[in-house]
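Shown next, in structure tokens, is the structure this report addresses.
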Amino acid sequence: MPDLIAFLEPDLAVIGRRPAIIADLAQLLPESCLITEERELVPFDTDAFVSYRRMPLAVVLPETTAQVAAVLKYCNDNAISVVPRGAGTSLSGGAIPQEDAIVIGVSKMNQILEVDYANRAARVQAGVTNISISQAVDADGFFYAPDPSSQLACTIGGNIGMNSGGAHCLKYGVTTNNLMGVRMVMFDGSIVDIGGKALDSSGYDLLGLICGSEGQLGIVTEATVRLLAKPEGARPVLFGFETSVAAGACVTDIIGAGIIPVAIEFMDKPAIEICEAFAHAGYPMDVEALLIVEVEGSDAEMDAMLARIIEIARRHGVKTIRESQSATEAALIWKGRKSAFGATGRIADYICMDGTVPLGQLSYVLAKTSEITDRYGLRVANVFHAGDGNMHPLILFDANDPEESLKAEMAGNDILKLCVDAGGCLTGEHGVGIEKRDLMRHQYSDADLAQQMRVRAAFDPKWILNPSKVFPLEGRNGSQTGNQSALAEEGKAGAARTGKTAA
Amino acid sequence: MSLSEIQHPESEDDVARIVSQANAAGLPIEVRGGGTRAGLGRPSQAASVLSLARLTGITNYDPSELVMAARAGTPLSEIESALAANNQMLTFEPMDHRPLLGVDGEPTIGGVFAGNISGPRRIQAGAARDNLLGVRFVNGSGEIVKSGGRVMKNVTGLDLVKLLAGSWGTLGVLCEVIFKVLPRPETAVTVAVSGLNDAEAAEAMAAAMAMSVEVSGAAHLPLSVAYRFGDTLKGEAATVLRLEGLTPSVDVRTERLVAEMRRRGEVSVLDAEVTRDLWRDIRDVKPFAVQRAKPVWRVSVAPSAGHQLVAALRLKTGVDAFYDWQGGLVWLQMEAEPEADLVRQYVKALGGGHATLVRADAATRAAVPVFEPQPQALDALARRIKDQFDPGGILNPGRMTATM
Ligand SMILES: Cc1cc2nc3c(=O)[nH]c(=O)nc-3n(C[C@H](O)[C@H](O)[C@H](O)COP(=O)(O)OP(=O)(O)OC[C@H]3O[C@@H](n4cnc5c(N)ncnc54)[C@H](O)[C@@H]3O)c2cc1C
Chain A
1 MPDLIAFLEP
11 DLAVIGRRPA
21 IIADLAQLLP
31 ESCLITEERE
41 LVPFDTDAFV
51 SYRRMPLAVV
61 LPETTAQVAA
71 VLKYCNDNAI
81 SVVPRGAGTS
91 LSGGAIPQED
101 AIVIGVSKMN
111 QILEVDYANR
121 AARVQAGVTN
131 ISISQAVDAD
141 GFFYAPDPSS
151 QLACTIGGNI
161 GMNSGGAHCL
171 KYGVTTNNLM
181 GVRMVMFDGS
191 IVDIGGKALD
201 SSGYDLLGLI
211 CGSEGQLGIV
221 TEATVRLLAK
231 PEGARPVLFG
241 FETSVAAGAC
251 VTDIIGAGII
261 PVAIEFMDKP
271 AIEICEAFAH
281 AGYPMDVEAL
291 LIVEVEGSDA
301 EMDAMLARII
311 EIARRHGVKT
321 IRESQSATEA
331 ALIWKGRKSA
341 FGATGRIADY
351 ICMDGTVPLG
361 QLSYVLAKTS
371 EITDRYGLRV
381 ANVFHAGDGN
391 MHPLILFDAN
401 DPEESLKAEM
411 AGNDILKLCV
421 DAGGCLTGEH
431 GVGIEKRDLM
441 RHQYSDADLA
451 QQMRVRAAFD
461 PKWILNPSKV
471 FPLEGRNGSQ
481 TGNQSALAEE
491 GKAGAARTGK
501 TAA
Chain B
1 MSLSEIQHPE
11 SEDDVARIVS
21 QANAAGLPIE
31 VRGGGTRAGL
41 GRPSQAASVL
51 SLARLTGITN
61 YDPSELVMAA
71 RAGTPLSEIE
81 SALAANNQML
91 TFEPMDHRPL
101 LGVDGEPTIG
111 GVFAGNISGP
121 RRIQAGAARD
131 NLLGVRFVNG
141 SGEIVKSGGR
151 VMKNVTGLDL
161 VKLLAGSWGT
171 LGVLCEVIFK
181 VLPRPETAVT
191 VAVSGLNDAE
201 AAEAMAAAMA
211 MSVEVSGAAH
221 LPLSVAYRFG
231 DTLKGEAATV
241 LRLEGLTPSV
251 DVRTERLVAE
261 MRRRGEVSVL
271 DAEVTRDLWR
281 DIRDVKPFAV
291 QRAKPVWRVS
301 VAPSAGHQLV
311 AALRLKTGVD
321 AFYDWQGGLV
331 WLQMEAEPEA
341 DLVRQYVKAL
351 GGGHATLVRA
361 DAATRAAVPV
371 FEPQPQALDA
381 LARRIKDQFD
391 PGGILNPGRM
401 TATM
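Sequence lines, in order, name chains A and B. Position 439, counted from 1, in the first sequence is what my numbering calls 439; the numbers after and before it change by one each time, with no gaps. Position 129, counted from 1, in the second sequence is what my numbering calls 129; the numbers after and before it change by one each time, with no gaps.
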């Protein structure tokens, strides 16, 4: 398949020094933490954006913050690129390595260090999986709110890297709204603690900046996250509509009425068909769009909220309403939605887009999305978090057909541009990675990007951290000339990379 | 400072031009919204004032999208009445500093975000920074930069929005802000437990937050401040817990919370109107809005550490205090001196956090670090970030720290 997306041209000098570098790394961590055999490196050659693969120079899986610091300092001193990695479930290629880079994976740092109910906080190592936090506090009536569908596998470090969301973030917010502190290793191996159990910061909001920075500002080794009291119960309702427009308008009215359900999920006709064929959830087949609206609380509260939601849905001519009377029925309603990605994967290869649009633009963008995929002769299924406008068109294609693969990528790019033009953004929760990197100029002006890159340079003067990602390879700037920072001066020695690329 | 040294840009381009010129001439400028928080922070050393008072107007508001955009100088009152007309609100309840600081003027929406000003609902709905979706600003070189946008979820590139929130005008001049708004709750009540001491109150608040009743405000008003709330608290120490939402839901939750709190002390339930006034007064630190010569600290620590901090300080010096944010936000009024070293030493000893000297005379604010000094590595990092936004160091120099 011809690659649409380029990586930075590998530094041959670094690759040439591979044996020496490996020997040096062996001095910094135990043998069991260092992976260099080609066969063992293969599992690290991509993430969930599988159409792109690069073998790393080596992988290290440190067990302590001190080991992370030692490796990072070594890499910075020797101008070797580093790709931080959690579980490698990124959908945008954020964790894909490059040939001249060391992957630093946090998967061995997977301990929950402290649970503090009085202050509703948990301190965990970066490699714990998202779900294990909620599991650890479940029996005591608490949970950690952001719940990406990949939560069985993905790590808190990766969630911070991508500022991940989930089905329930309509009510509880995404990672950045639930993160209280981090311990982070900086480019030079220094270790900083930012935030903690006290709210907000007195200096600049570094925590907010780090969240969603895609491994470009440092390596997070510990996090303090917010725990919340578990709701008494949750109940989903399924609504079927004759048009996507009616379903979209219903979403807007529910939100506008002051009811914030925990989740509003949207599925269009193709998605309904795919999920029903797989999950047999009993979804109505005579409708064009489905909404799953979930509310939380005690029975009385849920009754009250659902009564209002149903009234709104009726005003929009809802055709089917299915309330869940039991846990089994509730699980069935969710089963179809939750299997959407898996079910789609069984019938075709797909890429999952992630643009966000203003709520009022949902119907328009849905219609335009089908026009785009029609134009490329491809199929699309839409299943997404409607309450916050975060769309996930799944573009179906055959990965064995190089031409169709290319078309799928191009259709994806057109859809993302459409989202930006409709007043939205390229990515709501999956991150830029390599996937959307070259579209950044569609959303941001040169001045906007230059400012972001200057901030980046304040954290990583030599651009060693995940350097092929997020910022278009052409026209990169390093540190700003004439600034007063001594470190930026030092950075010149490593020379911020210019846009030399290799496909 | 004479009036002629105040510039009043009317557009973003004006702001960019003024900042470029100041940068070229190396002349520092003080960035000012309504000036109601001008007394918060180190007195800055500026040659002129850039006032946003004429960069006003709501630029985009579709109530059904729950998003509003406004130019930075738009008066907060204008924003709030536009929202009220649609039964909506700013969910993070920004504090009004005028009563505490004893100043006049119109707070602006830009100032609210520049200071990351949040109120009691912060523990449930997030801070100002959590509700800020997008910004347009002019950096210290006079370039117009945007970050974020008008959608709820956005991870496209580095989140400069968060960085600008709470940067007190030292990284850029905010020109336009885009933020989340939410429908007003249908009703609200306050469950008040009377007679608890500070430690018992901390436990009661933690217990309430551990219940699935969605407390949207948790404060403790000790005996020494209770009388400042008029008849509402009947002059007794009160631990107050706010519940908001749809009426049937609030009814159910109130019942559950009352049942739990009854085991701890005498409980009363305050209605919607009383609730509104009470939480406004807590938000605006009404108890300390009287003796304005006394220094006031705003301390953020872990909720369980708040009362310990106050107890420790009491052994050394005269302080009055009350608590918001489940006990984690401590408002401290000092009897005489600010005692900065003592306050900060105890904050550190109790697990860390930060203390901001919100009220003190200019001489004190020039001598005592108003914002919590950062550890050396973070201070150096902040310095590097500042250089990348404002290489000439002309935006509000000295406001956050003496050297920045
Ligand atoms: C089936 C499926 C469903 C998904 N559903 C969702 C969803 O509902 N919502 C959602 O938001 N995402 C979803 N994702 C995307 C993905 O799971 C998230 O982005 C997740 O947070 C990545 O975590 P990870 O541990 O796999 O990180 P990785 O993929 O390993 O890394 C992600 C990024 O973070 C950086 N990084 C990793 N660890 C660290 C660290 N310790 N310090 C600094 N940087 C680090 C990496 O360099 C990379 O840029 C889904 C993915 C799949 C495959």
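Backbone N, C-alpha and C fix where the C-beta goes; we use that ideal spot for every residue, glycine too.
Any Cβ of chain A closer than 9 Å to the Cβ of I29 (chain B) would place that residue at the interface, and such an atom is absent.
The alpha helix (DSSP H) runs lying completely inside the stretch 180-254 of chain A and spanning 4 residues or more are 206-210, given in chain order. With 16 or more other Cβ atoms from the protein chains shown falling within 10 Å of its own Cβ, M305 (chain A) counts as buried.
For the stretch 298-326 of chain B, the full-length alpha helix (DSSP H) segments reaching 4 residues or more read 306-314 along the chain. Think of a sphere of 9 Å around the beta carbon of P231 (chain A): the chain B residues whose beta carbon falls inside it are S212 and E214, in chain order. Assignment of beta-bridge partners to V383 (chain A) by DSSP yields A:M267.
Within the model, the alpha-carbon separation for S51 (chain A) versus T89 (chain A) is close to 13 Å. Beta-bridge partners assigned by DSSP to N60 (chain B): B:A69. Counting C-beta pairs with one atom in each stretch, the stretch 377-394 of chain A and the stretch 325-335 of chain A have fewer than three that are closer than 8 Å, which means they do not touch. If you check the CB distance, D231 (chain B) and A311 (chain B) do not come in under 9 Å.
Assignment of D11 (chain A) by DSSP, reduced to helix, strand and coil, places it in the coil class. If you check each beta-carbon in the stretch 105-122 of chain A against every beta-carbon of chain B, the ones closer than 7 Å belong to Y117, A118, N119 and R120.
Taken in chain order, the members of the stretch 284-316 of chain B whose beta-carbon sits within less than 9 Å of a beta-carbon on chain A are V299, S300, V301, A302, P303, S304 and A305. In the three-state scheme derived from DSSP, where H, G and I count as helix and E and B as strand, P393 (chain A) is classed as strand.
Here E30 (chain B) is buried. Its C-beta has 16 or more other C-beta atoms within 10 Å. Identification of chain B residues near K197 (chain A) by a Cβ-Cβ cut-off of 7 Å yields A302 and G351, ordered along the chain. For a Cβ distance threshold of 8 Å, residue set G126 and D130 of chain B lies close to N177 (chain A), ordered along the chain. Where L257 (chain B) is concerned, the enclosing alpha helix (DSSP H) starts and stops at T247 to M261. Residue contact with chain B for D253 (chain A): present (Cβ-Cβ distance below 9 Å to some residue of chain B). Not flagged as an interface residue toward chain A: A226 (chain B), since no C-beta distance is shorter than 9 Å. Residues of the same chain with a CB within less than 8 Å of the CB of Q111 (chain A), apart from the 5 flanking positions on each side, are V124, Q125 and V128 in chain order. Residue pairing by DSSP places F142 (chain A) opposite A:A229 in a beta bridge. Inclusion of H430 (chain A) in the 8 Å shell around ligand 1 follows from its C-beta lying nearer than that to a non-hydrogen atom of the ligand. Per DSSP, the beta bridge partners of Q125 (chain A) are A:E222. The beta carbon of G360 (chain A) sits closer than 8 Å to those of T252, all from its chain and outside the five residues before and after it, given in chain order. Contact of N396 (chain B) with chain A is not assigned, every C-beta pair being separated by 9 Å or more.
By the Cβ neighbour-count rule, E255 (chain B) is exposed, with fewer than 16 other Cβ atoms within 10 Å of its own.
Pairing S339 (chain A) with F278 (chain A) gives a Cβ-Cβ distance under 9 Å. Put simply, of B:C175, B:S194 and B:D271 the residue whose alpha carbon is nearest the alpha carbon of A188 (chain B) is B:D271.
Contacts with chain A (Cβ-Cβ distance below 9 Å) from the stretch 323-356 of chain B involve W325, Q326, G328, L329, V347, G351, G352, G353, H354, A355 and T356, listed in chain order.
Spanning the alpha carbons of V14 (chain A) and R456 (chain A) requires a straight line of approximately 23 Å. Chain A has no Cβ within less than 9 Å of the Cβ of V191 (chain B).
Within its own chain, the residues whose Cβ lies closer than 7 Å to the Cβ of F49 (chain A), once the five positions on either side in sequence are excluded, are S90, L91, S92, G93, I96, G433 and E435, listed in chain order. Just so you know, the alpha carbons of A118 (chain A) and P146 (chain A) end up roughly 21 Å apart. Taken from the Cβ of C425 (chain A), every heavy atom of ligand 1 lies 8 Å or farther away.
In the DSSP assignment, F229 (chain B) falls outside any beta strand (DSSP E), carrying neither H nor E.
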